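Per the UniProt record's numbering, residue 1 is the first one in the sequence shown, and the count goes up by one each step.
The structure appears below as structure tokens.
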Amino acid sequence: MSPEQSPPTRWETFHDGPSWQHYVERFAELHHSGADVDGEARFVDVLLARGSRVLDAGCGTGRVAEGLRRAGHDTVGVDRDAGLVAIARFRYPDGRYLVGDLLTLTAAELAEAGVVAEFDAIVLAGNVLVFVAPGTERAVLANLAGLLVPGGRMVTGFATDRDYQVSAFRVAAAAVGLAVEHTFSTWHLDPWAEDADWCVTVLRKAPSVTG
1 MSPEQSPPTR
11 WETFHDGPSW
21 QHYVERFAEL
31 HHSGADVDGE
41 ARFVDVLLAR
51 GSRVLDAGCG
61 TGRVAEGLRR
71 AGHDTVGVDR
81 DAGLVAIARF
91 RYPDGRYLVG
101 DLLTLTAAEL
111 AEAGVVAEFD
121 AIVLAGNVLV
131 FVAPGTERAV
141 LANLAGLLVP
151 GGRMVTGFAT
161 DRDYQVSAFR
171 VAAAAVGLAV
181 EHTFSTWHLD
191 PWAEDADWCV
201 TVLRKAPSVT
211 G
């Protein structure tokens with residue numbers, strides 16, 4: 001199913017025209033100012049062995065994937081928004097950025113682009129989960145979990161004041177075979193609190209069982 005056939009995402013509904021341009025310009029200013037935009041990448045990096053295969057799911061303009069690439073990981077960024085992917089490719093020409101729908105992304109699609117869909121980690125930073133189409137959150141998690149190696153990690157971060165609640169997220173994660181390892185209220189490891197503005201979660205796929 002192509003992005004045109006999938007249900008419209010919250011991102012497409014709320015970030016159109018001037019709002020989309022404002023988002024792009026805001027991160028362009030941060031990029032050019034030398035501001036620290038690598039907090040998410042540093043967080044994920046410490047979880048991984050050097051050279052891990054990482055999918056930045058909902059990569060936007062590419063900053064998290066680039067931070068992890070510079071840290072020595074084999075990264076690829078995927079986003080449904082072709083305009084954001086074009087910016088990522090221009091800004092970080094040494095990286096790999098693909099247009100794709102997280103709801104329907106397949107190993108075959110990735111293979112066509114020369115990417116082996118056996119990821120040690122998948123990152124959904126920057127409110128990705130609360131920007132997918134309403135009602136598809138569990139399906140997105142399930143689809144992406146299928147691209148993780150056994151024992152692989154999924155790292156998510158989203159604001160707690162959106163339509164998608166932390167409780168629903170935890171139920172969905174468990175339903176698709178992802179166990180919660182850690183939960184924080186920021187990317188800087190601040191302890192989780194039920195009234196936190198942000199929820200950062202490290203999930204782990206069950207390791208394979210050999211007899």
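Think of the CB as a built atom: it goes at the ideal place given N, C-alpha and C, for glycine as much as any other residue.
Just so it is clear, the structure is predicted and the values come from calculations on it, not from any experiment.
Quick check: the stretch 154-161 against the stretch 195-207, are there 3 or more CB pairs under 8 Å?
-> yes
CB-CB length for residue 121 against residue 54, believed under 8 Å = Taking the sequence shown and counting its residues from 1, the one referred to as residue 121 is at position 121. Taking the sequence shown and counting its residues from 1, the one referred to as residue 54 is at position 54. About 5 Å separates the two Cβ atoms, so the contact holds.
Sequence-distant residues of its chain with Cβ nearer than 6 Å to residue 2 (five each side left out) | Reading the sequence shown from its first residue, position 2 is the one you call residue 2. Since pLDDT at residue 2 reaches only 47, below the 50 mark, its modelled position is unreliable, and the value read off the structure follows with that caveat. Nothing listed; no residue qualifies.
Cβ of residue 102 within 8 Å of Cβ of residue 135?
-> By one-based count along the sequence shown, residue 102 stands at place 102. By one-based count along the sequence shown, residue 135 stands at place 135. Cβ atoms of residue 102 and residue 135: not closer than 8 Å.
Hey, how far is the Cα of residue 180 from the Cα of residue 151?
-> Here the question's residue 180 lines up with position 180 in the sequence shown. Here the question's residue 151 lines up with position 151 in the sequence shown. Between residue 180 and residue 151, the C-alpha separation is close to 12 Å.
Start and end residues, beta strand (DSSP E) containing residue 77 = For the purposes of this step, residue 77 is identified with residue 77 of the sequence shown, where counting begins at 1. Looking at the DSSP string, the run of the beta strand (DSSP E) that includes residue 77 is 74-79.
Considering only C-alpha positions, which residue in the set 110, 185 and 130 is nearest to residue 164?
-> Translated into positions along the sequence shown, residue 164 becomes position 164. When each option's Cα is compared against that of residue 164, the closest is 130.
In the DSSP assignment, what residue or residues form a beta bridge with residue 182?
-> Taking the sequence shown and counting its residues from 1, the one referred to as residue 182 is at position 182. Paired residue(s): 202.
What is the residue span of the alpha helix (DSSP H) that residue 213 lies within?
-> Examination of residue 213 is not possible in this model, given that the chain is present from 1 through 211 alone.
Within its chain, find whatever has a CB closer than 6 Å to the CB of residue 211; leave out the 5 residues flanking it on each side and keep chain order.
-> Locating residue 211 in the sequence shown gives position 211, where the first residue counts as 1. Caution applies to residue 211, whose pLDDT of 44 falls short of 50 and renders its modelled position unreliable; the value that the coordinates give is listed next. So the list is empty, once near-sequence residues are dropped.
Just curious, the beta strand (DSSP E) that residue 149 is in, first and last residue?
-> Reading the sequence shown from its first residue, position 149 is the one you call residue 149. Residue 149 -> beta strand (DSSP E) spans 148-159.
Is the CB-CB distance between residue 204 and residue 153 below 8 Å?
-> Against the sequence shown, residue 204 aligns to sequence position 204. Against the sequence shown, residue 153 aligns to sequence position 153. Against a cut-off of 8 Å, the Cβ pair of residue 153 and residue 204 comes out as a contact.
Express the C-alpha separation of residue 7 and residue 186 in angstroms, rounding to a whole number.
-> Taking the sequence shown and counting its residues from 1, one reaches residue 186 at position 186. Taking the sequence shown and counting its residues from 1, one reaches residue 7 at position 7. If I take the Cα positions, the gap works out to 30 Å.
Please classify residue 81: is it buried, with 16 or more other beta-carbons within 10 angstroms of its beta-carbon, or exposed?
-> Here residue 81 corresponds to residue number 81 of the sequence shown, with the count starting at 1. By the Cβ neighbour-count rule, residue 81 is buried, with 16 or more other Cβ atoms within 10 Å of its own.
Beta-bridge pairing of residue 97 - partner residues as DSSP gives them = Residue numbering aside, residue 97 sits at position 97 when the sequence shown is read from its first letter. 77, per the DSSP bridge assignment.
Beta-carbon contacts of residue 125 that lie in its chain and below 6 Å, excluding the five residues immediately before and after | Within the sequence shown, residue 125 is the residue found at index 125, counting from 1. So the qualifying residues of the chain are 40, 64 and 157.
Would you give the residue range spanned by the beta strand (DSSP E) that residue 120 belongs to?
-> Working through the sequence shown from its first residue, we reach residue 120 at position 120. First-last of the beta strand (DSSP E) with residue 120: 119-124.
Backbone CA spacing between residue 228 and residue 61 [nearest angstrom] | Because the chain here runs from 1 to 211, residue 228 falls outside it and cannot be looked at.
Using DSSP bridges, identify the partner residues of residue 105.
-> By one-based count along the sequence shown, residue 105 stands at place 105. None; residue 105 has no bridge partner.
Specify the secondary structure class of residue 190 as computed by DSSP and reduced to three states.
-> Start at 1 with the first residue of the sequence shown, and residue 190 comes out as number 190. Under the three-state reduction of DSSP, residue 190 is assigned to coil, being neither helix nor strand.
Residue 56 by DSSP, collapsed to three states: which one?
-> Position 56 of the sequence shown holds residue 56. Reduced to three states, the DSSP call for residue 56 is strand.
How long is the line joining the alpha carbons of residue 132 and residue 105, rounded to whole angstroms?
-> Your numbering for residue 132 matches position 132 in the sequence shown. Your numbering for residue 105 matches position 105 in the sequence shown. Residue 132 and residue 105: Cα-Cα distance of roughly 13 Å.
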